[in-house]
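Since the structure comes first, as structure tokens, the remarks are kept for the end.
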Amino acid sequence: MYSKILGTGSYTPETVRTNADLEKMVETSDEWIVERTGIKERRIAGADETAATMAYKASLKALEAANLTANDLDLIIVGTSTGSYAFPSVACELQKMLGTTGQGAFDLSAACTGFNYALTVANSFIQAGNAKKVLIVGSDIMSRTCDPTDRTTIILFGDGAGACILGASEEPGVYSANVKADGSHSELLKLPTIDRNNPESSYLYMKGNEVFRIAVNTLSSLVVNTIEENGFQKSDLKWLVPHQANLRIIAATAKKLGLPMEQVIVNLDKYGNTSGASVGIALDEGIRSGKIKRGDLILLESFGGGLTSASALIKY
Ligand code: COA
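The opening residue of the sequence shown carries number 1474 in the numbering used here; numbering runs sequentially from there.
Spelled out as structure tokens, the structure:
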């Protein structure tokens, strides 16, 4: 038993935060941000938006694309670090908004690899015969987690949600979906939960240049191993759908695969790093733009806090 992608959807908020806007907030420049990261704009959630409301909008599009209703779902998994509550989970809020009930619904915490981690769990449920149709969503409001006066983080992150429905299939589909972690570097990238005695202490902390170095090394071997372990050649790959953290990390990963940038889905110039949502949004945009076609071999990869990393090799 395999799983395959039945439909995808995504949502990004209306409000745009440009590099020019950031020049007014912190000591930085459009030139520095574009050169070091590739980011030009990010979307910022409105005061009335939450990880759950964004997940809902992305999920409706995925359901429509898959020609399903929420009652068809056997399981809902949301990768997020920015839910409104420890409980209920974003997944349970989402279930309520979708007007369905009964199926399992839970969040998982894997920072920027949230979408890939959710995909791996969904794939395992389907392969084990425990679910036939699973909604996975990555949804994060990272803009609220960054200190607005910290130029090393506020420039990087934006808000959004990416959704995908995986369904049981007799053919691949998903050839492999794997998760990895290295907790020994956990201190390099941290998002504290709110200390109710000291709410100011809860901003995101990142040692950017060290995370950068580990990300490049980890992803370079991860993508090559994923291709080889599944008996494919690099040249079989049609599209790389990478986590959208930094254009230089993406370019280094593509180079390792011998893949021209024309075969890489890049949208971080518009959205920045949307954490758990990033791969889901990129996948949806790649499909809706007509770039990724049925039958194409695609590789999803991500890297994030934990430190976590993950990949998925999929025939769309
Ligand atoms: N504008 C202008 N200058 C800035 C700046 C900004 N927004 N942010 C940092 N700087 C300065 C630093 O203070 C430093 O100055 P110094 O040399 O005088 O000390 C200089 O730029 C270089 O800083 P450094 O942190 O070494 O830059 P970098 O080339 O590593 O780029 C990141 C910084 C954050 C863009 C990069 O490290 C990165 O993308 N890291 C990975 C982030 C990531 O992927 N995180 C999430 C994982 S999912």
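All C-beta atoms, glycine included, are put in the ideal place defined by N, C-alpha and C.
Supposed contact pair residue j and residue i - C-beta distance, whole angstroms, cut 8 Å
i, j, result
"L1639", "V1607", "5 Å"
"L1786", "N1698", "L1786 to N1698, Cβ: 10 Å. No contact."
"P1486", "E1522", "6 Å"
"P1715", "I1723", "5 Å"
"F1579", "G1635", "Contact flag wrong, Cβ pair sits at about 18 Å."
"L1695", "G1511", "With 8 Å as the limit, L1695 and G1511 do not qualify as a contact, their Cβ atoms being about 21 Å apart."
"G1482", "A1564", "Not a contact, Cβ separation roughly 16 Å."
"S1775", "T1593", "Not really, about 11 Å apart at Cβ, beyond 8 Å."
"K1534", "D1742", "That pair is no contact at about 22 Å."
"S1784", "N1651", "6 Å"
"S1751", "Q1717", "4 Å"
"S1674", "A1725", "The pair is not a contact, with the Cβ atoms about 34 Å apart (cut-off 8 Å)."
Residue i - DSSP class collapsed to helix/strand/coil
i, result
"L1495", "helix"
"G1759", "helix"
"I1638", "strand"
"K1569", "helix"
"N1746", "strand"
"N1651", "strand"
"L1608", "strand"
"T1691", "helix"
"E1702", "helix"
"G1753", "helix"
"R1767", "coil"
"R1669", "coil"
"E1683", "helix"
"T1618", "helix"
"S1708", "helix"
Boundaries of the alpha helix (DSSP H) in which residue i is found, first to last residue
i, result
"N1596", "G1587 to Q1600"
"L1720", "L1720 to K1729"
For residue i, the residue or residues it bridges with in DSSP
i, result
"Y1678", "K1663"
"Y1789", "None, per the DSSP bridge assignment."
"D1613", "G1633"
"V1714", "L1773"
"F1579", "I1550"
"S1782", "K1653 and F1776"
"T1488", "I1517"
Start-to-end residues for the beta strand (DSSP E) that takes in residue i
i, result
"Y1558", "No beta strand (DSSP E) contains Y1558, which DSSP labels as neither H nor E."
"I1478", "Y1475 to Y1484"
"V1739", "Taken as a continuous stretch (DSSP letters only), V1739 belongs to no beta strand (DSSP E), as it is neither H nor E."
Beta carbon proximity, residue i to chain B, threshold 8 Å
i, result
"K1764", "Looking for chain B here will not work: only one protein chain is present."
Contact test: residue i Cβ vs the ligand ZN heavy atom, cutoff 7 Å
i, result
"N1492", "As presented, the structure is devoid of the ligand ZN, carrying the ligand COA as its sole ligands."
Secondary structure, beta strand (DSSP E): runs of 3+ residues fully inside the segment 1490-1548: 1514-1517
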